[in-house]
Every structure is written in structure tokens, then in C-alpha cells.
Amino acid sequence: MKKQLSPWVNRSLYILILLVVWEATARYSGVSPLVLPPVSGVFKVLFSSLLDGSLAANTLLSLGLIAAGLGIGSTLGILLAVGAARWKPARDLVDTLLLIFHPLPGIALFPLVILWFGVGYFSIVILIVHSVLWPMVTNLLSGFESLPEIYRMVGTNYQLKPAAFSFYILLPGSFPQFIAGFKIGWARAWRALISAEMIFGAAGGLGGLGWFIFKRRVFMDTPGIFAGLIVIIVIGMLVEDLIFTAVEKRTVLRWGMKS
Amino acid sequence: MRNKSLLLILFSLFTLIPGGCQKEKSEDTEIVIAEQFGLAYAPLQVLKETGALKDAPEGTRVRWVRTANATAIREAMAAGRMDIGFMGIPPFLIGADRGMDWKVFGGLSRSPLGLVTNLPELRTLQDFAPHHRIALPQPGSIQHILLSMAAERILGDPQVLDGLLVTLSHPDGMNALLSATEVSAHFTAPPYLMKELNAPQGHLLLSGEEAFGGPFTFIIGVTSAASAKKVEPFLPFLMKKIDEACVFLNENPEEAAKMLAPSYNLPEEELLTLLTAEGTRYGTEVLGLNRFIEFMHAAGYLEQPLSAEDLQYRP
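As given, the protein sequences belong to chains A and B, one line each in that order. To convert, note that position 49 of the first sequence is 49 in this note's numbering; the numbers rise steadily by one, no gaps. To convert, note that position 120 of the second sequence is 1120 in this note's numbering; the numbers rise steadily by one, no gaps.
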């Protein structure tokens, strides 16, 4: 039990130290509060924006966009990767697409996305899909390649049809890479989301966390900027600890694919 | 082991602390001046082209920095990395309201501004529906405040159009408007204003002066109290040179167009029409400071009742 608790204890300790150093710097170093506001001021803004609902609504909107982008991106990624694994011409196509799009930062696509799809939620989802899709495909393909020969043989032995082979052998066999791809996609999705929201602004008064932070910035509300950042950090921690860890525990760890 | 890693973390934290306490000491005083891109900054471009600041007071060196928006200048000045900046009145007031100790030392230009649309169904602000989008440089910019002023007068609520805002730089905003996607109107400045008005169906929904209810200064020069000592011997010199550049631009626009055409990357004739466009006027007087303060305070963009008097630079 003690072993289970200790990462949390250590982490909380480090966070506490960080907060103390922050507060002390803000108070005693003579730095303007416009540059580094004290922790207390930040939490005051955080709570008041949580209470008036503005932060919660924007956070939900952002999470919804991320969910949509991650869902579409990973589904497309699975389809592309499985297709490429099963059919040589598709493999060449996917390799070419990866070569073209994988290194392309979403931000570089902004001007085109604005021209073609405008500045609505749809464009934000497109940018998230772009940032999720390619790392997903890359990871899945490398997972398929490292699939032990014996798994393939089992599939052949059972005379599995291509679809069943993909579903029962290929995908579960490369689940660790899928999770790794999903984690990269999740981190990249946030980057795409926040930058897109900062640029695209509010639709119907709501613009997500990126717009929340951006608005605080242009009105020089530095504690508000930190409040937005804290929300992103907390969501990141919760998802990593609760969702990713739980999924890994239930799948790859139990299957003995990762220790 | 535990102690060592703790020390390492603390150490890295301290190196990250902003403050810029260690300013490089050299013989010369370096004065950092921040500006933005656009025709409204033409007097500064004239100073650069003519090298007018070369004979600055002994021991002063000028470094020009160009930023994409006023927010960047404000942040850099708050951090003590810039001494003089040029921006619209509202971003300056927002900074002063949030506690920045900085002052206006003079104006730079007046400029035609306007809200342009290419949708025939949009004739006045009353025609905006929830599916429309208005592009402008950013909330809190002079364009946003002017829109807010008009919204209050025409629609009765300064914030009623805020839900339609999209933040786009002037060129991106123009592209978005002309490409007929969601952006239905664009609050912009020359030369984008003229280009959009000349595009098919382009028409003016609202001009800056209509929104404001009179003439106002578009760009002002600002200096922070933290740099006061440094800029004090330099500022009168700079103001005199800006004044001369403004007179030159107003009185010899042909010559000015010829000089500035390469740096604005525009044909000479086009630049000349822009420099002499109605509403464009270069000069160091500051118009409209009080009206901006009153409105922004009443509409909730400013929390404190600022006084225009206190915001003026006094050597």
C-alpha cells in the first residue's frame, strides 16, 4: 500500500515546493505582479471564474472538441494503418502521406484552413485530427511490424478472414503502440486546440480554454492567464493518472506486454 | 539523493524567475523603441529611412523592434525590456488600468478605420445575427472598442456583439472576409480597408469616426516610468523628429510616397493615395483620450476611473 501511495505523496510535495517558491518570488523579488502574480491572486481568479461558470463552460467546450478530434483522428488512423498493413499499394500511399503531412505543424496550416473551412469549430476539429492522425498511424504501423511472427501464424492457422485477422490479431497485438500513439495524439491535440482557439475566437460567446487565456492576455489579466494554465495542467494530470494508467493496467500490463 | 534532486529543482526554478535584473552595462544607453506594421506608423518609417535619429544626444543608441500587436509591446514594457512603444489608445489604457506605470508623450497619426462587409444583407449593426462573425485584430484593440461604442449607441449594449468576434490579423482577416467563409465583416485599417471596399459587394457598415463620434488619434507614443531616467534626455529630441516627419508626410506626400514605397512594398501611386486618403493625418496631438477613458470605464473595460491628465508624460 505504501508503495502505491508514494508517487502521489512525492508529487504533491514537489508541487507544494513549487507553489511556495512561486509565492515567495512574487512577493519578495520585486517583480511586478503583472509579470508574475502571487499564487493567492491566481487562485482567487481561478475560483471566481469557476463559480461564475465561464471557466467550466469553456473547459467543457475544449474537452468536447478534443474528444471529437481524438475520436475521428484515431479511427482514421486505425483504418489507414490497417489498410496499409493489408494492402501494399495502400502502404505506399500511407507512407507518402506520412512523409508529406507528419512533419507539417498544424499552425502552418492555419492560413489554408481559414481559407477553406473558415474559423468555426469544424476547423478546430480538422486541426486536431491532423495533429492526432499521423503520430497514430506511425505508431500503429511500427506496432504491426513488431508483431511476433507466431501471432500471425496463429491467425493463419485459424484461417481468419482479413477483417477478423486485423481485429483479433493485428490491433490487440500492437496495443502498447496504440496507447503510445494515443498519448502523443492527446498531447498534440491540446497544442492544436489551444492555438486554434486563441486565433479563432468565440462562437456564440464561448471560445474554449484557448480563447479564455487569450482574452485574459489582451486585457492584461495575468492571474487569469495562470488560472487557465492551471486548468489545463490539472486536466492533463487527471487524464494521465486516471484514464491512461487505468487503461494500461487493464490491458497491456495484464496481458504482460509491458511491465 | 533526495536532497540533491531537490536542490537541482530549486536551482532550475530560480534560473527561470523573470526579472531581467541584470541589464547589460555598456558605454551607450540603448533605447528600445517598439512599433507595429502599417501606414499609421509612417512617421517612424520616415525617421528610419532618413536616418534622422543618427544625431541623437551623445551616448544614446536606438534599437527598433517591430511586434505583431500592442499586447506584445505592453508585456515587454511591463517586463522592463522596452522603453518606448507605439500603439492604439485602448491597449494603453488597459495597461494603465491594470497598474502599469506608463505615460503618453504624444500622438503619431489619425487614420480612417472601418467595419467592412461584402454581404448585401448587412446594412447596419442591427442586421447582425448569431451566425455572423466579425473579424478584428483582438479584443481590447481600438477596433474592438470602436465597435463596442457603436454597439452601445445603436444596439444599446456595448458587449452585445462580443460573441461574434474572431481574432485575426489584418491580412488574415481580409482573406477570411473575401473567401466568403464564416467571417461576415472585418474591422480594419488601411490599406486593407481600401482593398476590401474595392472588392465586389464590399461596403462600409461603420466608420471609425462614426463609431467614436468625432476625430480621434489612432496611434500614440508611450513610455514607461521604469525607463523615465533613461529616456528623459532623448524624448524631446525624438518628439521633435517625429513632428518634423509628420509635417513632411502631410506636406510632401509625393516625396514621402517615393521614399517609403520600397519599405511598404507598395507601388508609389497606391501609397500616395493611401497617404493622402481622407481621414489620414499625421501629427503629434492626442485626440480623444478622455472619451476613450469615459466609455471604457462605463462599459467595464477599465476598472479604475483614470484621469487623462495623469496619463500625460511630464519630463
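Built from N, CA and C at the ideal position, the CB exists for glycine as well.
Mark residue i as exposed unless 16 or more other C-beta atoms lie within 10 angstroms of its C-beta, in which case mark it buried.
i	result
residue 197/A	buried
residue 87/A	exposed
residue 258/A	exposed
residue 148/A	exposed
residue 236/A	exposed
residue 1296/B	buried
residue 1263/B	exposed
residue 1312/B	exposed
residue 1290/B	exposed
residue 1074/B	buried
residue 101/A	exposed
residue 1267/B	exposed
residue 1172/B	buried
residue 94/A	buried
residue 1033/B	buried
residue 65/A	buried
residue 220/A	buried
residue 89/A	exposed
residue 210/A	buried
residue 49/A	buried
Could you give the distance in angstroms between the alpha-carbon of residue i and the alpha-carbon of residue j?
i	j	result
residue 1031/B	residue 1082/B	8 Å
residue 126/A	residue 1029/B	50 Å
residue 1227/B	residue 1087/B	17 Å
residue 1112/B	residue 1035/B	19 Å
residue 1056/B	residue 1067/B	24 Å
residue 1183/B	residue 1155/B	21 Å
residue 1304/B	residue 1095/B	11 Å
residue 164/A	residue 121/A	36 Å
residue 246/A	residue 190/A	21 Å
residue 130/A	residue 215/A	26 Å
residue 183/A	residue 1202/B	47 Å
residue 1404/B	residue 169/A	Given that chain B is displayed from residue 1001 to residue 1315, the structure contains no residue 1404/B and the question cannot be resolved.
residue 1065/B	residue 1122/B	39 Å
residue 1092/B	residue 1278/B	26 Å
residue 107/A	residue 133/A	15 Å
residue 23/A	residue 248/A	37 Å
residue 1120/B	residue 242/A	53 Å
residue 1079/B	residue 1099/B	13 Å
residue 19/A	residue 63/A	26 Å
Does any heavy atom of the ligand SAH sit closer than 7 Å to the C-beta of residue i?
i	result
residue 1198/B	Summarising the ligand content, the structure contains no ligands, and the ligand SAH is consequently not present.
Interface residues of chain B around residue i at Cβ under 7 Å?
i	result
residue 7/A	The premise fails here: residue 7/A is roughly 14 Å from chain B at the closest Cβ pair, so nothing lies under 7 Å.
residue 220/A	1074, 1094, 1095, 1098
residue 32/A	1078
Give the interface partners of residue i over in chain A, defined as CB-CB distance under 8 Å, in chain order.
i	result
residue 1182/B	118, 119, 120
residue 1176/B	114, 115, 118, 119
Apart from the five residues just before and just after residue i, which ones in its own chain have a Cβ nearer than 7 Å to its Cβ?
i	result
residue 1243/B	1284
residue 1102/B	1077, 1095, 1096, 1222, 1223, 1224, 1225
residue 1234/B	1031, 1056, 1057, 1060
residue 1237/B	1056, 1057
residue 46/A	227, 230
residue 142/A	177
residue 251/A	175
residue 1053/B	1047, 1062, 1241
Report all residues from its chain with a CB closer than 6 Å to the CB of residue i; omit the five preceding and five following residues, and keep chain order.
i	result
residue 1301/B	none
residue 1246/B	1043, 1282, 1283
residue 166/A	82
residue 1190/B	1039, 1274
residue 188/A	131
Please compile the residues from chain B whose C-beta is within a distance smaller than 8 Å of the C-beta of residue i.
i	result
residue 39/A	Per Cβ cutoff of 8 Å: no residues; residue 39/A is ~14 Å from chain B at best.
residue 111/A	1172, 1175
What residues from chain A crowd round residue i, counting only those whose CB sits closer than 7 Å?
i	result
residue 1290/B	Result: empty, since nearest Cβ-Cβ is about 21 Å, beyond 7 Å.
residue 1157/B	Correct list: empty, because the minimum Cβ distance to chain A is about 13 Å.
residue 1140/B	218, 219
residue 1071/B	217, 218
Note down, in chain order, each residue of its chain lying with its Cβ closer than 8 Å to the Cβ of residue i, except the 5 sequence neighbours on either side.
i	result
residue 206/A	57, 58, 61
residue 1134/B	1115, 1128, 1147, 1161, 1164, 1165, 1166, 1183, 1184, 1185, 1186, 1187
residue 1126/B	1154, 1155
residue 54/A	212
residue 1141/B	1069, 1070, 1088, 1090, 1091
Closer than 9 Å by beta-carbon distance: list the chain A residues that pair up with residue i, in chain order.
i	result
residue 1179/B	114, 115, 116, 118
Is there a C-beta anywhere in chain C that falls below 8 Å from the one on residue i?
i	result
residue 214/A	The structure shown contains no chain C; the protein chains it does contain are A and B.
Q: Please specify which runs of the beta strand (DSSP E), each continuous and at least 3 residues long, are wholly inside the stretch 1201-1258 of chain B, giving them in chain order.
A: 1203-1207, 1219-1224
Q: Return the chain-ordered ranges of every beta strand (DSSP E) run that is complete within the stretch 1115-1197 of chain B and spans a minimum of 3 residues.
A: 1133-1136, 1165-1167, 1183-1188
Q: Taking only runs that begin and end inside the stretch 69-128 of chain A, name each unbroken alpha helix (DSSP H) of 4 or more residues, in chain order.
A: 88-101, 106-117
Q) Which residue spans inside the stretch 1279-1313 of chain B form an unbroken alpha helix (DSSP H) run of at least 4? A) 1289-1298
Q | Whole runs of the beta strand (DSSP E) within the stretch 7-59 of chain A, excluding any shorter than 3 residues | A | none
Q | Secondary structure, alpha helix (DSSP H): runs of 4+ residues fully inside the stretch 161-204 of chain A | A | 162-165, 175-200
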